[in-house]
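Asker: Residue -8 is where the sequence shown starts when you use the working numbering, and the numbers rise one by one after that.
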Amino acid sequence: MRKILVIARREYLAMVGTKAFLLTLAVMPIFMLGGAVVPQLLRDQVDVTTKHVAIADASQSLYDAIAQAVDDYNKHATRDPVSGKQTTPEYRIERVQCEQVTDQLRLDLSNRIRKGELYAFVEIPASVLETPPIGQPTVVSFYAENTTLSDTKRWFDRTVSTIVQTRRLEQAGIDPAVVTQSQLISVQGRGLVERDADGTVTPAKADEGVLTILLPLGIMMFMFMVIMMSAQPMLESVLEEKGNRVAEVLLGSATPLQIMTGKLFGNVAGSLTVAVIYIAGGFALAAYNDVTDAVPFAIMPWFIVFQLLAVLMFSSLFMAIGAAVNQLKEAQSLLLPVWILIVAPMFVWFNIVREPNGGFATGISLIPPFIPMLMCLRMSCTSTVPFWQPALGVLIMVGVTSLCVLAASRVFRIGILAQGRAPKLGQLIRWALSG
């Protein structure tokens, strides 16, 4: 046991006692979550260049109303009311005199967009105020180089729709204000009502919106990040010791099982250190933004248990592959199936967040390689996951992890001194089964 602890201590210090470890701690969250965080940090970086839009109104009835809406928008909606800083672009519109929008007119206006004279043009059909057949809405066309993510298109969509709806209601003798007032209803999502330890019924919390999606995703990505930071160094460590013949020296004083066990213990301790640092940092960030109520503290013990089991399982596989090959490039093809198992939960996370207690979510979260990430993902989405499911997940993971460590130890024992051609996947499986 003393030899195992000595090796574990050495592996732990080699993992956390370097500048590279501190740099990885800082960079890895940016690498994993940058796609979600950076857009929020850059949300104020908006192009405020004035947008010139031509209006080709074949109905000859909407241009004045659109011009009034544009004037109101430019006066009241383009600047921050506190700082006075412009936050959205202003619109400048011009009337295109026409009784019918022809292909030649569309081409001329498109060429003006290509030259930079216009940002877009809007085509309003002559029949825009006529009541269309049921299921066949009137189409108002917005032409621009990029309309998919255009805020300008969305603004004109809302504005023209409101104007047309108001005109149609007036033609039908219906007061638009009455219709608008009758539509003012909001269905707000809330959690479940609970009773605290004192017996007081606590009101349900309002739905946090996008946070209810990003938080579970962040927890799953956090576990993936810890696994990646823990398993990959095991491969590189074994490869380095094998290539430098250090493994032969170690085998003179310890058995292959002791070496592998010590490395795994040190690796698990290092992963636990990473988890504690990130959890503390996440809590501090949540407290700073006053969103601690949204943090699912109840799943933290489960998270730690699942994380340790996942690190043990995948690190043992990485170590076995590292012992079986001689160079990193030889390990790439053998690692592919393992990486598929690690990243597979990311392909189904949205389906699970949408229905965390559904049959699909329950079934796939009890498949051994996916249990750690998907069970924590489900538990961070809802508090109604039955206790027996994560408990069963732990039991399954304990059994599967034990088998993986046993199989990896057999491969490690044979491969650590092997030289020459790297084994094929089939040969590794035979080593794992027979030793």
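Cβ coordinates follow ideal geometry from the N, Cα and C atoms, glycine included.
(1) Assuming residue 113 is part of the beta strand (DSSP E), what are its boundary residues?
(2) Grouping DSSP H, G and I as helix and E and B as strand, with all else coil, what is residue 85?
(3) Buried or exposed, going by whether 16 or more other CB atoms sit within 10 Å of the CB of residue 328?
(4) Looking at C-alpha atoms only, which residue of 313, 65, 84 is the closest neighbour of residue 75?
(5) Taking all protein chains shown into account, do 16 or more other C-beta atoms lie within 10 angstroms of the C-beta of residue 90, making it buried, or fewer, making it exposed?
(6) Taking the runs of the beta strand (DSSP E) that are 3 residues or longer, which of them lie wholly in the stretch 40 to 98?
(7) If you count every other CB in all the chains shown that lies within 10 Å of the CB of residue 288, and 16 or more means buried, which is it?
(8) On the criterion of 16 or more Cβ atoms from any shown chain inside 10 Å, does residue 161 qualify as buried, or is it exposed?
(9) Is it right to say residue 341 is buried, meaning 16 or more other beta carbons lie within 10 angstroms of its own, or is it exposed?
(10) Please classify residue 59 as buried or exposed, where buried requires at least 16 other C-beta atoms within 10 Å of its C-beta.
(11) My output table needs one value for residue 378: the three-state DSSP class, helix, strand or coil.
(12) Taking the alpha-carbon positions, what's the residue 105 to residue 133 distance?
(13) Residues in the same chain with beta-carbon distance under 8 Å from residue 356, minus the five sequence neighbours each way, listed in chain order, please.
(14) Just to confirm before moving on: does the CB-CB distance between residue 302 and residue 244 stay below 8 Å?
(15) List the residues that DSSP assigns as beta-bridge partners of residue 135.
(16) Mind checking which residues open and close the alpha helix (DSSP H) that includes residue 314?
(17) Could you tell me the distance, in whole angstroms, from the CA atom of residue 386 to the CA atom of residue -6?
(18) Within 10 angstroms of the Cβ of residue 82, are there 16 or more other Cβ atoms? Answer buried if so, exposed if not.
(19) Where does residue 185 sit, in a helix, a strand or coil, going by DSSP?
(20) Can you give the Cα-Cα distance for residue 108 and residue 40, rounded to whole angstroms?
(21) Sorted by chain position, which residues of the same chain lie with C-beta nearer than 6 Å to residue 256's C-beta, five sequence neighbours on each side aside?
(22) Would you tell me roughly how many angstroms separate the C-alpha atoms of residue 97 and residue 169, rounded to the nearest one?
(23) Our contact map puts residue 395 next to residue 251 with C-beta atoms below 8 Å; I'd like the distance itself, whole angstroms only.
(24) Near residue 165, which residues of its chain fall below 7 Å by C-beta distance, leaving aside the five closest residues on each side in sequence?
(25) Counting C-beta neighbours from all protein chains within 10 Å, is the total for residue 150 16 or more, i.e. buried, or is it exposed?
(26) May I ask you to report which of helix, strand or coil DSSP gives residue 286?
(27) Does the beta-carbon distance from residue 247 to residue 420 come in below 8 Å?
(28) Helix, strand or coil for residue 246? Go by DSSP, reduced to three states.
(29) DSSP three-state label for residue 265, please.
(30) Determine the extent of the alpha helix (DSSP H) in which residue -4 is found, giving its start and end residues.
(31) Compute the Euclidean distance between the alpha carbons of residue 88 and residue 142, then round it to the nearest angstrom.
(32) So the candidates are 230, 286, 137, 42; which of them puts its Cα closest to the Cα of residue 205?
Answerer: Here's the rundown:
(1) As a first step, residue 113 must be located in the sequence shown, where it is residue number 122. Residue 113 -> beta strand (DSSP E) spans 111 to 115.
(2) Mapped onto the sequence shown, residue 85 falls at position 94. In the structure shown, residue 85 sits in a strand (DSSP, three-state: E or B).
(3) Your numbering for residue 328 matches position 337 in the sequence shown. That one is exposed.
(4) Mapped onto the sequence shown, residue 75 falls at position 84. It is 65.
(5) Position 99 of the sequence shown, counting from 1, holds the residue named residue 90. The residue is exposed, with fewer than 16 neighbouring Cβ atoms inside 10 Å.
(6) 42 to 48, 82 to 86
(7) Indexing the sequence shown from 1 puts residue 288 at position 297. By the 10 Å Cβ count, residue 288 comes out exposed.
(8) The residue you call residue 161 lines up with position 170 of the sequence shown. The residue is exposed, with fewer than 16 neighbouring Cβ atoms inside 10 Å.
(9) Mapped onto the sequence shown, residue 341 falls at position 350. It is exposed - the Cβ of residue 341 has fewer than 16 other Cβ atoms within 10 Å.
(10) By 1-based counting over the sequence shown, the position of residue 59 is 68. Its Cβ having fewer than 16 others within 10 Å, residue 59 is exposed.
(11) The residue you call residue 378 lines up with position 387 of the sequence shown. Correct three-state label for residue 378: coil.
(12) Position 114 of the sequence shown, counting from 1, holds the residue named residue 105. Position 142 of the sequence shown, counting from 1, holds the residue named residue 133. Approximately 15 Å between the Cα atoms of the pair.
(13) What you label residue 356 is simply residue 365 of the sequence shown in a count that begins at 1. Answer for residue 356: 343, 362, 365, 366, 368, 369, 380, 384, listed in chain order.
(14) In the sequence shown, the residue the question calls residue 302 occupies position 311. In the sequence shown, the residue the question calls residue 244 occupies position 253. In this structure, residue 244 does not lie closer than 8 Å to residue 302 by Cβ.
(15) Indexing the sequence shown from 1 puts residue 135 at position 144. Its beta-bridge partners are 111.
(16) Indexing the sequence shown from 1 puts residue 314 at position 323. It spans 291 to 315 - the alpha helix (DSSP H) in which residue 314 sits, taken as one unbroken run.
(17) What you label residue 386 is simply residue 395 of the sequence shown in a count that begins at 1. What you label residue -6 is simply residue 3 of the sequence shown in a count that begins at 1. Distance between the alpha carbons of residue 386 and residue -6: 29 Å.
(18) Taking the first residue of the sequence shown as 1, we reach residue 82 at position 91. By the 10 Å Cβ count, residue 82 comes out buried.
(19) Indexing the sequence shown from 1 puts residue 185 at position 194. Three-state result, residue 185: strand.
(20) Counted from its first residue, the sequence shown places residue 108 at position 117. Counted from its first residue, the sequence shown places residue 40 at position 49. Each residue's Cα considered, the two are about 13 Å apart.
(21) Here residue 256 is taken as the residue at index 265 of the sequence shown, counted from 1. Result list for residue 256: -1, in chain order.
(22) Counted from its first residue, the sequence shown places residue 97 at position 106. Counted from its first residue, the sequence shown places residue 169 at position 178. If I take the Cα positions, the gap works out to 38 Å.
(23) The residue given as residue 395 occupies position 404 in the sequence shown. The residue given as residue 251 occupies position 260 in the sequence shown. Actually they are not in contact, since the Cβ atoms of residue 395 and residue 251 sit about 12 Å apart, beyond 8 Å.
(24) Within the sequence shown, the letter at position 174 stands for residue 165. Contacts found: none.
(25) The sequence position of residue 150 within the sequence shown is 159, counting from 1. Residue 150 should be labelled buried.
(26) As a working mapping, residue 286 is identified with position 295 in the sequence shown. Residue state, collapsed to three classes: coil.
(27) In the sequence shown, residue 247 corresponds to position 256, counting from 1. In the sequence shown, residue 420 corresponds to position 429, counting from 1. Taking 8 Å as the Cβ cut-off, residue 247 and residue 420 do not qualify as a contacting pair.
(28) As a working mapping, residue 246 is identified with position 255 in the sequence shown. In this structure, residue 246 counts as coil in the three-state DSSP scheme.
(29) To locate residue 265, count along the sequence shown from 1; it is residue 274. The answer is helix: DSSP assigns residue 265 an H, G or I state.
(30) Residue -4 sits at position 5 when you count from the first residue of the sequence shown. -7 to 7 is the span of the alpha helix (DSSP H), which, as asked, contains residue -4.
(31) As a working note, residue 88 is residue 97 in the sequence shown. As a working note, residue 142 is residue 151 in the sequence shown. Their Cα atoms are separated by approximately 26 Å.
(32) As a working note, residue 205 is residue 214 in the sequence shown. Residue 205 has its Cα closest to that of 286, out of 230, 286, 137, 42.
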